[in-house]
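First the structure, in the form of structure tokens, and then the observations on it.
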Ligand SMILES: Cc1cc2nc3c(=O)[nH]c(=O)nc-3n(C[C@H](O)[C@H](O)[C@H](O)COP(=O)(O)OP(=O)(O)OC[C@H]3O[C@@H](n4cnc5c(N)ncnc54)[C@H](O)[C@@H]3O)c2cc1C
Ligand SMILES: Cc1cc2nc3c(=O)[nH]c(=O)nc-3n(C[C@H](O)[C@H](O)[C@H](O)COP(=O)(O)OP(=O)(O)OC[C@H]3O[C@@H](n4cnc5c(N)ncnc54)[C@H](O)[C@@H]3O)c2cc1C
Ligand code: SF4
Ligand code: FES
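Protein chains in written order, with the working numbering: chain P, 23 to 306; chain U, 127 to 632.
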């Protein structure tokens, strides 16, 4: 059981919640995630990154985008409500040390998991270059937070409605071409964005770490649903990851696996929406 | 096989029992051997292959008594020798023959804590029933006294009559025992340690209790309310449960001792990391580990398509790789989820299959097809990365290997294509990685299984382990056996400490 302490809408489809989860707050480190379930009998287990935590308040922060039925239902819960299942922190924490210059690239909702990592890297004494991007202005989140910890800050949108009109790979390429190459890149966002960031850095030989958001069930290394091909090996994202060397990840396979249940999920989502609309009409 | 309805079996039993009741204690072995073995009443195969209700329905009183009368009450009790927890089998069976069901229950409880579960899932044909004198005399192990069914009968009778006794708990000792994992091993340790008056907390990673009993074994073999009942008993004894708690992550294992004041820990985290074949095409969409498939269907209730949010793959033609209980459960579940054709592809022959015989028989009745001496070579995908077929190879039996089973050998150029859209891999599990990953000082073997001594103690003081995390994927009864041994060691350790503390105060 975790009580919702705070709920905020960050953009049209993106919400922030602070949950009461003192044990998780105490143990978690940057890069780790939780799994939550809105209904203990019939709910789906959804993994979400821990975007921040406060040991004093005993709280963790999650930031999520509404993409389907479960995230929609979560977005309809309110301050004071209890989420029956919140379990974590899961996954291996990000390895933080002083690498030198690190480029943090965040795409869309990926900025949420990137934030605690960028923060930790900065604290460890790295020169942090931050690039964040989204399809349009409305989808940009955590701009101020990211800006405040960055030594250099670049913001772009696909349609040019805010910041530079570009995909994040463009400024990333420029940074790689500088006289002193960055020591490392961390890219978090939609799989397609992480794939192209990895392709961008590959010719420059800059180590690129990505954080994978595969489908998960248990999150403890029991089911194998989260498996990905990394180099010649099969890895389980929930216990071996979620972070991997982007140059070794088979993104195409991962993307097709993410779509395993697309049709069923879309049906569930639209069915739920229809019911909602009917209910509202009934109320009128 | 001809399906007999429960009504037919009951009628028949009622008719014939009259003949035996008069001479219940006077029959010669020859006569007893002639008593017809009682068939287990079961749901109609066609009806059951689209529902999740229990397949085996349990003996009626008359059937149980007739079956019990078949027992020869041997002096050399081979059945007891072959039982991992040494239940006094002939004694409890004799009570059943005489309709003394409460006494029968008491005999079983001396040795086994979860008879309703073991009676349903133990591989009796390789344990107690394997050398039963009756089966030997009739030269057919299937005609041994049906010890497992009788055990289940007693457990069900106890539940139905509300006679389940809550074990007595000794006065509080002030000692705290933490149990990691709520599978059969953990549940048994909880009961045994709580009885001694220790405070017991079970930590479970999932939101529901029972381990594999809940998320792996489907309800058509082991209904959830049976597990719930066992857990209710533990709760009534005062055992505390903490779900959604991943030891190693939510709290370090050793912190439970150092920060939270537990005096002993039992690690029963079970098997983990499903194994795959390592063949081409295993990462295609439509390839699942049996663990994932069954967890979605059981724990996450994806079987209930109208209500559950967790999706499950829509399949028409399914191949299941493997020959154990896990493979049988996955195959039969796929059928119940609407698959038209389900093929079990197994490298060896039916004789070598490790699955319980009853499950294989039930699977066949439900229309599951068995492809023996065949194995997957590669899985073939369509342009969207989804499974569309599987290439297989045929095998023949060669020389015996270390396990004494004849080793299957590939027949060259025997490739053929099986049209399937789903492949479920059920070829075993590695060990659960979480504890060893987060507790580097714990000694594990090269497969990641925790190493324990003969008292089930690990390389870390006050920490014990048992069940699948020690044995590798094993059985419910072996996990329980290890749990009992660990509990005895924990109880002994704590009792000695309490003695010492008393000595100091005095
Ligand atoms: C380690 C990890 C960290 C994540 N962190 C965040 C985060 O901080 N913020 C955020 O908004 N999202 C995050 N995600 C993704 C999030 O879990 C999914 O968006 C969510 O599960 C979708 O649920 P739904 O029912 O609303 O949508 P659905 O209708 O179930 O699915 C919509 C789409 O989401 C994807 N998806 C479905 N189920 C899962 C699943 N169990 N795991 C991952 N993806 C899935 C699929 O591509 C699907 O097509 C993370 C995922 C992982 C694995
Ligand atoms: C599909 C299937 C069918 C089977 N059929 C049979 C059968 O017919 N007969 C038979 O005898 N055996 C059968 N088995 C095997 C049997 O179920 C296992 O041997 C037995 O359950 C092992 O018990 P256990 O207590 O060691 O672990 P498990 O039952 O695996 O329980 C371990 C528990 O620990 C929890 N856990 C893991 N890590 C952590 C952690 N870090 N913190 C907190 N909790 C944690 C898990 O979530 C789980 O609930 C079957 C297994 C499967 C998968
Ligand atoms: S071996 Fe068979 S006949 Fe002999 S006591 Fe055991 S169950 Fe009865
Ligand atoms: S989510 Fe089940 S093994 Fe990773």
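Heads up, the beta-carbon is just placed ideally off N, CA and C, and yes, glycines get one too.
### Query
Under 8 Å between C-beta atoms, does residue 263/P make it to chain U?
no
### Where residue 165/U falls: helix, strand or coil (DSSP)
coil
### Query
In chain P, which residues lie less than 9 Å from residue 439/U when you measure between Cβ atoms?
282, 283 and 286
### Task
From the DSSP output, in three-state form, read off residue 305/P for me.
With a pLDDT of 49 at residue 305/P, under the threshold of 50, the modelled position of this residue cannot be trusted; read the value that follows with caution. Note: residue 305/P maps to helix in three-state DSSP.
### Task
Would you verify that the beta carbon of residue 45/P is, or is not, closer than 8 Å to some beta carbon of chain U?
yes
### Query
Taking Cβ-Cβ distances below 7 Å as the criterion, which residues of the region 358 to 386 of chain U are in contact with chain P?
370, 372, 375, 376 and 377
### Task
Starting from residue 414/U, follow its DSSP beta bridges and name the residues at the other end.
550/U
### Message
At the level of alpha carbons, what is the spacing between residue 253/P and residue 30/P?
### Response
40 Å
### Message
Following a CB-centred definition, is residue 396/U positioned closer than 7 Å to any heavy atom of ligand 2?
### Response
yes
#### Entry: Euclidean distance between Cα positions of residue 169/U and residue 179/U
9 Å
#### Entry: Residue burial classification, residue 102/P (beta-carbon count within 10 angstroms, cutoff 16)
exposed
### Query
What residues in its chain sit with their C-beta under 6 Å from that of residue 172/P, if we drop five residues either side in the sequence?
150 and 152
### Query
According to the Cβ coordinates, are residue 136/P and residue 208/P closer than 8 Å?
yes
### Message
Does residue 479/U pass the burial test, meaning 16 or more other C-beta atoms within 10 Å, or should it be called exposed?
### Response
buried
### Message
Between which residues of its own chain and residue 267/U is the CB-CB distance below 7 Å, once the five residues before and five after are set aside?
### Response
251, 255, 256 and 261
### Query
Between residue 251/P and chain A, is there a C-beta pair that is closer than 8 Å?
No chain A is part of this structure, whose protein chains are labelled P and U.
### Task
Give the residues from the region 387 to 399 of chain U that approach chain P closer than 7 Å (Cβ to any Cβ), ordered along the chain.
398 and 399
### Message
For residue 305/P and residue 33/P, I'd like the C-alpha separation in whole angstroms.
### Response
Confidence at residue 305/P is low in this model, with a pLDDT of 49, below 50, so the placement of that residue is unreliable and no value is reported for it.
### Query
Which same chain residues, not among the five before or five after residue 344/U, have their C-beta less than 6 Å away from its C-beta?
424, 455 and 459
### Task
Report the residue from 320/U, 410/U, 542/U and 282/U whose alpha carbon sits nearest the alpha carbon of residue 349/U.
282/U
### Task
Could you tell me if residue 147/U is buried or exposed, where buried requires 16 or more neighbouring beta carbons within 10 angstroms of its beta carbon?
exposed
### Task
Please confirm whether any heavy atom of ligand 2 lies closer than 7 Å to the CB of residue 421/U.
no
### Task
Using alpha carbons as the reference points, say which of 217/U, 314/U and 336/U lies closest to residue 326/U.
314/U
### Task
Would you check whether ligand 4 has a heavy atom nearer than 7 Å to the C-beta of residue 239/P?
yes
### Query
Who does residue 266/U pair with in a DSSP beta bridge?
Beta-bridge pairing links residue 266/U to no other residue.
### Message
Beta-carbon within less than 6 Å of residue 206/U's beta-carbon, same chain only, minus the 5 sequence neighbours each way: which residues are those?
### Response
212 and 215
### Task
Give the straight-line distance between the Cα atoms of residue 415/U and residue 352/U, rounded to the nearest whole angstrom.
26 Å
### Query
Beta carbon of residue 179/P, beta carbon of residue 219/P: below 8 Å?
no
### Query
Does residue 421/U get closer than 8 Å to chain P when you measure Cβ to Cβ?
yes
#### Entry: Counted within 10 angstroms of its Cβ, other Cβ atoms place residue 222/U as buried (16 or more) or exposed
buried
### Query
Taking just the CA atoms, how far does residue 304/U sit from residue 384/U?
12 Å
### Query
Per DSSP, residue 211/U forms a beta bridge with which residues?
Partner(s): none; residue 211/U has no beta bridge.
### Query
Touching or not, the region 385 to 395 of chain U and the region 270 to 282 of chain U, by the rule of three or more beta carbon pairs under 8 Å?
no
### Message
Does the beta-carbon of residue 55/P, which I'm using as the reference point, lie nearer than 7 Å to any heavy atom of ligand 6?
### Response
This structure lacks ligand 6; its bound ligands are ligand 1, ligand 2, ligand 3 and ligand 4.
### CB contact check: residue 701/U to chain P, cutoff 8 Å
The question about residue 701/U has no answer here: the residues shown for chain U are numbered 127 through 632.
### Partner residues on chain U for residue 86/P, Cβ-Cβ distance less than 8 Å
Going along chain U, no residue has its Cβ under 8 Å from residue 86/P, so there is no contact; the nearest lies around 15 Å.
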